[in-house]
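S.K.: The structure follows.
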Amino acid sequence: GAGVSQSPSNKVTEKGKDVELRCDPISGHTALYWYRQSLGQGLEFLIYFQGNSAPDKSGLPSDRFSAERTGGSVSTLTIQRTQQEDSAVYLCASSWTRGPSSTDTQYFGPGTRLTVL
Amino acid sequence: SQQGEEDPQALSIQEGENATMNCSYKTSINNLQWYRQNSGRGLVHLILIRSNEREKHSGRLRVTLDTSKKSSSLLITASRAADTASYFCATTGNQFYFGTGTSLTVIP
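Written out as structure tokens, the structure is:
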């Protein structure tokens, strides 16, 4: 079946603009995660959703970042008033069941490469 | 700082040799997972080891876990050029934490 998809694959924007990044998880997966990966770095956890529970937003770096997940499926990560340091690859992942202490595998999308000029 | 840290940061070996990567973490975990990332792509899950396990095998992969030292190692035996990628460990406790990764280059 289809894997996790993300759009757009690349996004170039000007400093100060807002951007929206989209993630379509694997159908039936209840957990969804957003990560940020700067060039040559590891993954930085941003936020995760589990079913209808309140999301864990503890990794969001500032209040310019927000995310929502509509209908327990598609998720949108929004970055307001983008800054150059927001430039990174934003990765989305989904898994079958609940979050971090689960043994379920995370399935990753290909990522969105964001460049803020 | 991040929970997981891998070393070495970069590793270059000849095809057929074994590659060993290490991961250290800081707090208690439920399990530890290793992922591979090919250039410009998302991560692919390789193997999971639970906190009560000490060693696990999957094909050419061997993972060890030492919870007393808070460390894990990933061994890839008989490496192939196609193994060239970045390898990340991820620990799960209260959250998922990914390390900074080891960049492996296998020279044909």
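Residue numbers (our numbering), protein chains in the order written: chain A, 1 to 117; chain B, 118 to 225.
For every residue, glycine included, the Cβ atom is placed at its ideal position computed from N, Cα and C.
Give me the Cα-Cα distance between A/Glu20 and B/Gly159, rounded to the nearest whole angstrom.
M.R.: As a first step, residue 20 of chain A must be located in the first sequence, where it is residue number 20. As a first step, residue 159 of chain B must be located in the second sequence, where it is residue number 42. Each residue's Cα considered, the two are about 19 Å apart.
S.K.: Counting Cβ pairs, one atom from each stretch, are 3 or more of them under 8 Å apart for the stretch 149-158 of chain B and the stretch 194-211 of chain B?
M.R.: Yes: at least three Cβ pairs fall under 8 Å.
S.K.: Which of the three DSSP states is assigned to A/Ala54 in this structure?
M.R.: One-based indexing of the first sequence puts residue 54 of chain A at position 54. The answer is coil: DSSP assigns A/Ala54 none of H, G, I, E or B.
S.K.: Just list the beta strand (DSSP E) runs in the stretch 36-90 of chain A, keeping only unbroken ones of 3 residues or longer that don't cross its boundaries, in chain order.
M.R.: Listed in chain order, the complete beta strand (DSSP E) runs (minimum 3 residues) inside the stretch 36-90 of chain A are 43-50, 65-69 and 75-79.
S.K.: Hey, quick one: how far does the beta strand (DSSP E) through A/Val19 stretch, first residue to last?
M.R.: Here residue 19 of chain A corresponds to residue number 19 of the first sequence, with the count starting at 1. Start and end: Val19 to Asp24.
S.K.: Where DSSP assigns a beta bridge to B/Ile115, which residues make up the other side?
M.R.: An answer regarding residue 115 of chain B cannot be provided, because it is not within the stretch 118 to 225 covered by chain B.
S.K.: Who are the Cβ neighbours of B/Leu165 in its own chain at under 7 Å, not counting the five residues just before and after it?
M.R.: One-based indexing of the second sequence puts residue 165 of chain B at position 48. Closer than 7 Å at the Cβ level, and outside the excluded window around B/Leu165, lie Asn148 and Gln150.
S.K.: For chain A, find out if any of its Cβ atoms is closer than 7 Å to the Cβ of B/Arg158; answer yes or no.
M.R.: Taking the second sequence and counting its residues from 1, the one referred to as residue 158 of chain B is at position 41. At least one chain A Cβ lies under 7 Å of B/Arg158.
S.K.: Shorter than 7 Å from the beta carbon of B/His162 to some beta carbon of chain A?
M.R.: Working through the second sequence from its first residue, we reach residue 162 of chain B at position 45. With 7 Å as the cut-off, B/His162 counts as an interface residue toward chain A.
S.K.: Is the Cβ-Cβ distance between B/Asn140 and B/Ser203 less than 7 Å?
M.R.: Here residue 140 of chain B corresponds to residue number 23 of the second sequence, with the count starting at 1. Here residue 203 of chain B corresponds to residue number 86 of the second sequence, with the count starting at 1. In the sequence as presented, Asn is not what sits at residue 140 of chain B; that position holds Cys. No, the pair does not count as a contact, with Cβ atoms beyond the cut-off.
S.K.: Tell me the rounded alpha-carbon separation between A/Gln84 and A/Leu117.
M.R.: Your numbering for residue 84 of chain A matches position 84 in the first sequence. Your numbering for residue 117 of chain A matches position 117 in the first sequence. Near 6 Å, if we compare the C-alpha coordinates of A/Leu117 and A/Gln84.
S.K.: Three or more C-beta pairs closer than 8 Å, one from the stretch 45-58 of chain A and one from the stretch 70-78 of chain A: is that the case here?
M.R.: Judged by Cβ distances under 8 Å, the stretch 45-58 of chain A makes contact with the stretch 70-78 of chain A, as three or more pairs qualify.
S.K.: Suppose you measure from the CA of A/Ile26 to the CA of B/Thr201; what does that come to, to the nearest Å?
M.R.: On the first sequence, position 26 is the one that residue 26 of chain A refers to. On the second sequence, position 84 is the one that residue 201 of chain B refers to. In a straight line, the C-alpha of A/Ile26 is about 27 Å away from that of B/Thr201.
S.K.: Suppose you measure from the CA of B/Thr219 to the CA of B/Met138; what does that come to, to the nearest Å?
M.R.: Your numbering for residue 219 of chain B matches position 102 in the second sequence. Your numbering for residue 138 of chain B matches position 21 in the second sequence. Going from the Cα of B/Thr219 to the Cα of B/Met138 covers about 7 Å.
S.K.: Considering only residues of the same chain and omitting the five flanking positions on each side of B/Gln131, which have a CB-CB separation below 6 Å?
M.R.: Looking up residue 131 of chain B in the second sequence gives position 14. Cβ within range, chain order: Ile224.
S.K.: Taking the straight line between their C-alpha atoms, what separation do you get for A/Glu68 and A/Cys92?
M.R.: Working through the first sequence from its first residue, we reach residue 68 of chain A at position 68. Working through the first sequence from its first residue, we reach residue 92 of chain A at position 92. Whole-angstrom Cα-Cα distance: 13 Å.
S.K.: Near B/Asn135, which residues of its chain fall below 8 Å by C-beta distance, leaving aside the five closest residues on each side in sequence?
M.R.: Within the second sequence, residue 135 of chain B is the residue found at index 18, counting from 1. If we look at B/Asn135 and ignore the five residues flanking it on each side, its Cβ neighbours are Leu192, Ile193, Thr194, Ala195 and Ser196.
S.K.: Candidates B/Val161, B/Phe215, B/Ser185 and B/Ala199: which alpha carbon is nearest B/Ser145's?
M.R.: Counting from 1 along the second sequence, the entry for residue 145 of chain B is found at position 28. Minimum Cα distance to B/Ser145 is reached at B/Ser185.
S.K.: Closest to B/Tyr214 by C-alpha separation, out of A/Ser58, A/Thr30 and A/Asp86, would be which residue?
M.R.: The count along the second sequence starts at 1 and reaches residue 214 of chain B at position 97. Considering only alpha carbons, the answer is A/Ser58.
S.K.: Nearest by alpha-carbon distance to A/Ser66: which of A/Ser73, A/Trp34 and A/Ser7 is it?
M.R.: Sequence index remark: in the first sequence, residue 66 of chain A carries index 66 (1-based). For A/Ser66, the nearest C-alpha among the options comes from A/Trp34.
S.K.: Consider the Cβ of B/Gly218: report whether some Cβ of chain A lies at a distance smaller than 7 Å.
M.R.: Counted from its first residue, the second sequence places residue 218 of chain B at position 101. Closer than 7 Å: yes.
S.K.: Closer than 8 Å by beta-carbon distance: list the chain C residues that pair up with B/Tyr204, in chain order.
M.R.: No chain C appears in the structure shown, which is made up of the protein chains A and B.
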